[in-house]
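Here's the structure we're looking at; comments come further down.
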Amino acid sequence: MSTAVPERPVEPKRPVELTAEPPGAGRGAGRGAVALSSPAMPRGIGWSVRWIAALTVCQAALMVGLGLLITGPARHLWPLTAEDGVNEAFVRLRTGTLTTLSSVASEAGNTGTVIGVTLASCLALVLVPRLPMWRQAVFLAVAVSLQSLVFLVITFAVERHRPEVDRLDGSLPTSSYTSGHTGAATAIYGGLALLALSRLRGPWRTVVACLLCVLPLLVGLARLYRGMHHPTDVMGGLVNGTLSLLIARRALLADGAVAAPPAPASTPTASPSRPVAPGRTAVVFNPTVTDEAGRDALRRVLEHHGHTAPVFVETTAEDPGGGQTARAVRDGAALVVVCGGDGTLRAAADSLAGTDVPLALVPCGTGNLLARNLGLPLAPADALDAALRGTPHRIDLGRIEGDGLPSTYFAAMAGAGLDAATMRRANANDRAKAVFGWPTYVLAVLRELRTPRTGVSVRLDGAPALRRTARMVLVGNIGTVQGGATLLPEARADDGRLDLLVLDPRGIGGWLSALWTLLRGGTTAAREGGEGGAPVEFFTFRRADITFDTELPRELDGDPVTAGRHLTAEVAPGALTVLLPTREQ
401 MSTAVPERPV
411 EPKRPVELTA
421 EPPGAGRGAG
431 RGAVALSSPA
441 MPRGIGWSVR
451 WIAALTVCQA
461 ALMVGLGLLI
471 TGPARHLWPL
481 TAEDGVNEAF
491 VRLRTGTLTT
501 LSSVASEAGN
511 TGTVIGVTLA
521 SCLALVLVPR
531 LPMWRQAVFL
541 AVAVSLQSLV
551 FLVITFAVER
561 HRPEVDRLDG
571 SLPTSSYTSG
581 HTGAATAIYG
591 GLALLALSRL
601 RGPWRTVVAC
611 LLCVLPLLVG
621 LARLYRGMHH
631 PTDVMGGLVN
641 GTLSLLIARR
651 ALLADGAVAA
661 PPAPASTPTA
671 SPSRPVAPGR
681 TAVVFNPTVT
691 DEAGRDALRR
701 VLEHHGHTAP
711 VFVETTAEDP
721 GGGQTARAVR
731 DGAALVVVCG
741 GDGTLRAAAD
751 SLAGTDVPLA
761 LVPCGTGNLL
771 ARNLGLPLAP
781 ADALDAALRG
791 TPHRIDLGRI
801 EGDGLPSTYF
811 AAMAGAGLDA
821 ATMRRANAND
831 RAKAVFGWPT
841 YVLAVLRELR
851 TPRTGVSVRL
861 DGAPALRRTA
871 RMVLVGNIGT
881 VQGGATLLPE
891 ARADDGRLDL
901 LVLDPRGIGG
911 WLSALWTLLR
921 GGTTAAREGG
931 EGGAPVEFFT
941 FRRADITFDT
951 ELPRELDGDP
961 VTAGRHLTAE
971 VAPGALTVLL
981 PTREQ
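Residue 401 is where the sequence shown starts when you use our numbering, and the numbers rise one by one after that.
Okay, structure coming up:
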């Protein structure tokens with residue numbers, strides 16, 4: 401069942417627009433294809449709260465760790481040893497005029513000022529526009545609140561004395577690390593700058609945004625001038641406020657829509673203009689995540705769309721869905737509904753690959769990666785209803801094999817190293833996954849960050865092998881993972897390619913650079929691969945041969961598989977037919 405793939409040179413990824421299209425808009429998908437709408441991925445209060453809570457814990461841990469490093473092992477190292485000289489230099493610069501200006505600038509980051517500006521801005525966003533901007537108002541309030549919460553945690557965990565110079569202000573008995581004034585100013589004025597860039601029009605929006613971004617820097621300089629903080633305290637405040645902004649923006653202002661892919665031009669779409677006619681319908685479900693009430697709800701949706709007398713078939717520990725799906729196809733099923741997590745989907749997709757039998761995806765697991773990336777609702781009954789209202793479309797699958805790993809398809813991602821170790825740890829605690837959901841993976845990855853790097857040889861589409869070191873190598877058919885984080889920013893499930901991420905951060909700076917690259921969606925240099933040594937690199941390919949110097953844990957669609965030293969991955973273009981909501985242009 402292997403797919404023949406012609407060799408071609410390694411290609412850097414091209415930017416891909418992932419924003420939702422307005423009604424009536426669409427993108428041509430080749431001859432005979434239809435334009436698809438971009439259904440928003442549902443992100444309600446529960447999603448936002450879990451995302452914010454998990455990332456805030458990570459933020460607090462990072463900031464406390466940096467503080468303990470500054471006050472502990474690194475305190476005798478440069479540039480920390482030069483900080484006293486910097487504070488004394490600011491004292492020597494003092495004049496009456498500068499002292500007055502510094503007082504005004506410092507007041508811009510004072511608690512009362514920040515609270516007042518936040519309240520006034522939120523009220524203005526709700527009351528002034530013709531349509532209230534509730535999300536933007538909540539974004540500002542949450543960003544400022546997160547910064548304050550993490551600041552309090554830091555001051556309790558890290559004890560640092562203020563500079564031994566003449567201080568111009570009184571202060572509460574809190575730690576000098578971090579600068580609360582600078583952090584609060586970064587959160588509120590940086591947040592207003594983001595809103596200015598997104599809401600204002602014309603050249604003035606850049607001017608306004610730049611002026612707002614300068615304010616936290618002025619507050620930080622004022623705090624140094626007035627002898628209240630060390631330089632690293634001010635930098636810590638800038639980092640703390642910025643991280644709070646990024647978390648709040650990702651949870652509350654991100655579009656939340658990942659376009660359902662149009663049918664690829666190279667692969668004909670099966671019956672694109674009409675929904676699947678009712679016929680024999682098989683529902684393959686995982687009983688551990690789909691109870692009787694859930695099955696009844698799915699049955700009602702199927703009957704509403706004319707699919708009467710559906711056959712429900714349970715998966716088992718020995719057969720997670722592949723055998724049941726294969727039997728359904730042999731028995732003449734016109735539609736296979738798969739209700740489970742990513743593992744159930746992968747097993748079913750392996751049996752449906754290359755057939756014209758469409759799959760209706762009902763996400764019932766923890767990750768539900770393919771459903772998220774296709775823009776399907778995450779509520780099972782809503783997802784099934786949306787699928788049955790849509791039409792069949794072809795998407796790609798990945799095919800992978802290796803030492804001790806038989807050839808099999810995967811729908812979302814496969815990898816080795818850090819991600820596989822994370823999946824192994826997270827999957828070992830089913831109770832935590834059931835209670836906390838995807839934040840379980842966040843906690844698991846924090847415990848696996850010490851996974852060692854190894855040498856790796858990567859050969860893409862017959863090109864000369866690339867030599868790298870890596871903590872993680874990830875092959876993806878899609879790009880967004882649990883919690884809405886994007887690891888492969890340009891991956892699409894229908895582009896006839898797979899995407900590769902090579903992660904190799906070194907030290908705290910490397911991890912911060914890698915995190916920043918992923919939050920920004922990948923830098924140009926990272927996308928083009930470069931000469932190696934970057935914390936993150938992205939590639940696109942049709943076939944990849946990957947060999948590791950040491951044996952690593954491996955995973956397929958979130959399920960740990962046997963460890964090994966070799967992986968061969970290739971794309972199977974248009975191998976799976978999936979029902980997706982569509983909109984005729």
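No residue lacks a Cβ here, since even glycine has one placed at the ideal position from N, Cα and C.
Check your understanding: By how many angstroms is the C-alpha of V514 removed from the C-alpha of A587?
Key -> For the purposes of this step, residue 587 is identified with residue 187 of the sequence shown, where counting begins at 1. For the purposes of this step, residue 514 is identified with residue 114 of the sequence shown, where counting begins at 1. So the alpha carbons of these two residues sit roughly 9 Å apart.
Point to revise | N- and C-terminal bounds of the beta strand (DSSP E) containing P763 | key: In the sequence shown, residue 763 corresponds to position 363, counting from 1. Residues 759-763.
Exercise for review: Give the DSSP-derived three-state secondary structure of Y809 in the structure shown.
Suggested key: If you number the sequence shown from 1, residue 809 lands on position 409. Note: Y809 maps to strand in three-state DSSP.
Review point. How long is the line joining the alpha carbons of A433 and G802, rounded to whole angstroms?
Key: As a working note, residue 433 is residue 33 in the sequence shown. As a working note, residue 802 is residue 402 in the sequence shown. Its pLDDT being 33, under 50, A433 is placed unreliably by the model, and nothing is read from it.
Review point. Name the DSSP bridge partner or partners of H966?
Key: Taking the sequence shown and counting its residues from 1, one reaches residue 966 at position 566. Answer by DSSP bridge pairing, in chain order: T947.
**Study point:** For R746 and L956, believed in contact at Cβ under 8 Å, the rounded distance
**Key:** Taking the first residue of the sequence shown as position 1, residue 956 is located at position 556. Taking the first residue of the sequence shown as position 1, residue 746 is located at position 346. About 6 Å; that satisfies the 8 Å criterion.
Practice item. Step through the CB atoms of chain C and report whether any lies within less than 8 Å of the CB of P720. Key: In the displayed structure, chain C is absent; only one protein chain is listed.
Exercise for review: Count the other CB atoms, across all protein chains shown, that sit within 10 Å of the CB of D899; report buried if there are 16 or more and exposed otherwise.
Suggested key: The residue labelled residue 899 in the question sits at position 499 within the sequence shown. Buried, because 16 or more other Cβ atoms sit within 10 Å of the Cβ of D899.
Point to revise | Classification of A865 by the beta-carbon crowding that lies within 10 angstroms, buried from 16 upward | key: Translated into the one-based positions of the sequence shown, residue 865 becomes position 465. Its Cβ having fewer than 16 others within 10 Å, A865 is exposed.
Point to revise | Distance, R965 Cα to L805 Cα | key: Along the sequence shown, one-based indexing puts residue 805 at 405. Along the sequence shown, one-based indexing puts residue 965 at 565. Answer to the nearest angstrom: the Cα atoms are 11 Å apart.
Review point. Taking three-plus beta-carbon pairs below 8 Å as touching, is the segment 681-701 in contact with the segment 780-793?
Key: yes
Check your understanding: Expressed to the nearest angstrom, what Euclidean distance is found between the alpha-carbon atoms of G862 and R892?
Key -> Within the sequence shown, numbered from 1, the residue matching residue 862 stands at position 462. Within the sequence shown, numbered from 1, the residue matching residue 892 stands at position 492. Going by the C-alpha atoms only, they are around 22 Å apart.
Practice item. Please determine if the segment 641-650 and the segment 727-741 are in contact, where contact requires at least 3 C-beta pairs separated by less than 8 Å. Key: no
Exercise for review: Starting from G740, follow the beta strand (DSSP E) in both directions and report where the run begins and ends.
Suggested key: By 1-based counting over the sequence shown, the position of residue 740 is 340. Note, G740: beta strand (DSSP E), 735-740.
Check your understanding: In this structure, does DSSP put S857 in helix, strand or coil?
Key -> As a position in the sequence shown, residue 857 is number 457, starting the count at 1. Three-state result, S857: strand.
Point to revise | Test item: CB-CB of H793 and V978 under 8 Å | key: Stepping through the sequence shown from its first residue, residue 793 is reached at position 393. Stepping through the sequence shown from its first residue, residue 978 is reached at position 578. Contact: yes.
Check your understanding: What are the residues that DSSP puts in a beta bridge with V902?
Key -> As a position in the sequence shown, residue 902 is number 502, starting the count at 1. Its beta-bridge partners are V873, E937.
Check your understanding: Who pairs with I795 in a beta bridge, going by DSSP?
Key -> For the purposes of this step, residue 795 is taken as residue 395 along the sequence shown, with counting starting at 1. DSSP lists L976 as partners of I795.
Check your understanding: Which of the three DSSP states, helix, strand or coil, is assigned to V457?
Key -> Translated into the one-based positions of the sequence shown, residue 457 becomes position 57. Three-state result, V457: helix.
Review point. Between which two residues does the alpha helix (DSSP H) containing T851 stretch?
Key: Sequence index remark: in the sequence shown, residue 851 carries index 451 (1-based). Taken as a continuous stretch (DSSP letters only), T851 belongs to no alpha helix (DSSP H), as it is neither H nor E.
Exercise for review: My understanding is that L797 touches N877, with C-beta atoms under 8 Å, so please give their C-beta distance in whole angstroms.
Suggested key: Reading the sequence shown from its first residue, position 397 is the one you call residue 797. Reading the sequence shown from its first residue, position 477 is the one you call residue 877. Yes, they are in contact, since the Cβ atoms of L797 and N877 sit about 7 Å apart, within 8 Å.
Check your understanding: In terms of residue numbering, what span does the beta strand (DSSP E) encompassing A682 cover?
Key -> Counted from its first residue, the sequence shown places residue 682 at position 282. Where A682 is concerned, the enclosing beta strand (DSSP E) stretches over 681-685.
**Study point:** Secondary structure, alpha helix (DSSP H): runs of 4+ residues fully inside the segment 520-590
**Key:** 534-557
**Study point:** For C613 and A524, the rounded distance between their alpha carbons
**Key:** Here residue 524 is taken as the residue at index 124 of the sequence shown, counted from 1. Here residue 613 is taken as the residue at index 213 of the sequence shown, counted from 1. The straight-line gap from Cα to Cα measures roughly 20 Å.
Check your understanding: Which two residues bound the contiguous beta strand (DSSP E) that contains V713?
Key -> Stepping through the sequence shown from its first residue, residue 713 is reached at position 313. That run of the beta strand (DSSP E) goes 711-714.
Practice item. Compare the beta carbon distance of C610 and V689 with 8 Å and say whether it is the shorter of the two. Key: Mapped onto the sequence shown, residue 610 falls at position 210. Mapped onto the sequence shown, residue 689 falls at position 289. The answer is no: Cβ separation not under 8 Å.
Exercise for review: Could you say which of F551, S576, L770, A697 lies nearest to G641 if we only look at CA atoms?
Suggested key: By 1-based counting over the sequence shown, the position of residue 641 is 241. Looking at the Cα atoms, F551 is the closest of the given residues.
**Study point:** Within 8 Å, strictly: CB atoms of D904 and P935
**Key:** Here residue 904 refers to the residue found at position 504 when the sequence shown is read from its first residue. Here residue 935 refers to the residue found at position 535 when the sequence shown is read from its first residue. It is a contact, given that the beta carbons lie within the stated cut-off.
Practice item. Excluding the 5 residues preceding and the 5 following G428 in the sequence, name in chain order all residues of the same chain whose CB lies nearer than 6 Å to its CB. Key: The sequence position of residue 428 within the sequence shown is 28, counting from 1. Low confidence applies to G428: its pLDDT is 34, below 50, so where it sits in the model is not reliable enough to give any reading.
Point to revise | The alpha helix (DSSP H) enclosing P780, as first and last residue numbers | key: Here residue 780 is taken as the residue at index 380 of the sequence shown, counted from 1. Here the alpha helix (DSSP H) through P780 covers 780-788.
Practice item. Verify whether the separation of the beta carbon atoms of T851 and L901 is less than 8 Å. Key: Counting from 1 along the sequence shown, the entry for residue 851 is found at position 451. Counting from 1 along the sequence shown, the entry for residue 901 is found at position 501. Not closer than 8 Å, so no.
Review point. When the Cα atoms are used, what is the spatial distance from S1066 to S579?
Key: Only positions 401 to 985 of the chain appear in the structure, and residue 1066 is not among them; the question remains open.
Exercise for review: Check G767 in the structure and name its three-state DSSP category.
Suggested key: For the purposes of this step, residue 767 is taken as the residue at position 367 of the sequence shown. Reduced to three states, the DSSP call for G767 is coil.
Exercise for review: Excluding the 5 residues preceding and the 5 following L752 in the sequence, name in chain order all residues of the same chain whose CB lies nearer than 8 Å to its CB.
Suggested key: Taking the sequence shown and counting its residues from 1, the one referred to as residue 752 is at position 352. Cβ neighbours of L752 beyond the five flanking positions: T725, V729, V736, L759, L976, T977.
**Study point:** 6 Å CB neighbourhood of D633 in its chain, flanking five on each side removed
**Key:** Residue numbering aside, residue 633 sits at position 233 when the sequence shown is read from its first letter. The residues are S576, Y577, T578, S579.
Point to revise | Three CB pairs or more closer than 8 Å across the segment 461-476 and the segment 554-568 | key: yes
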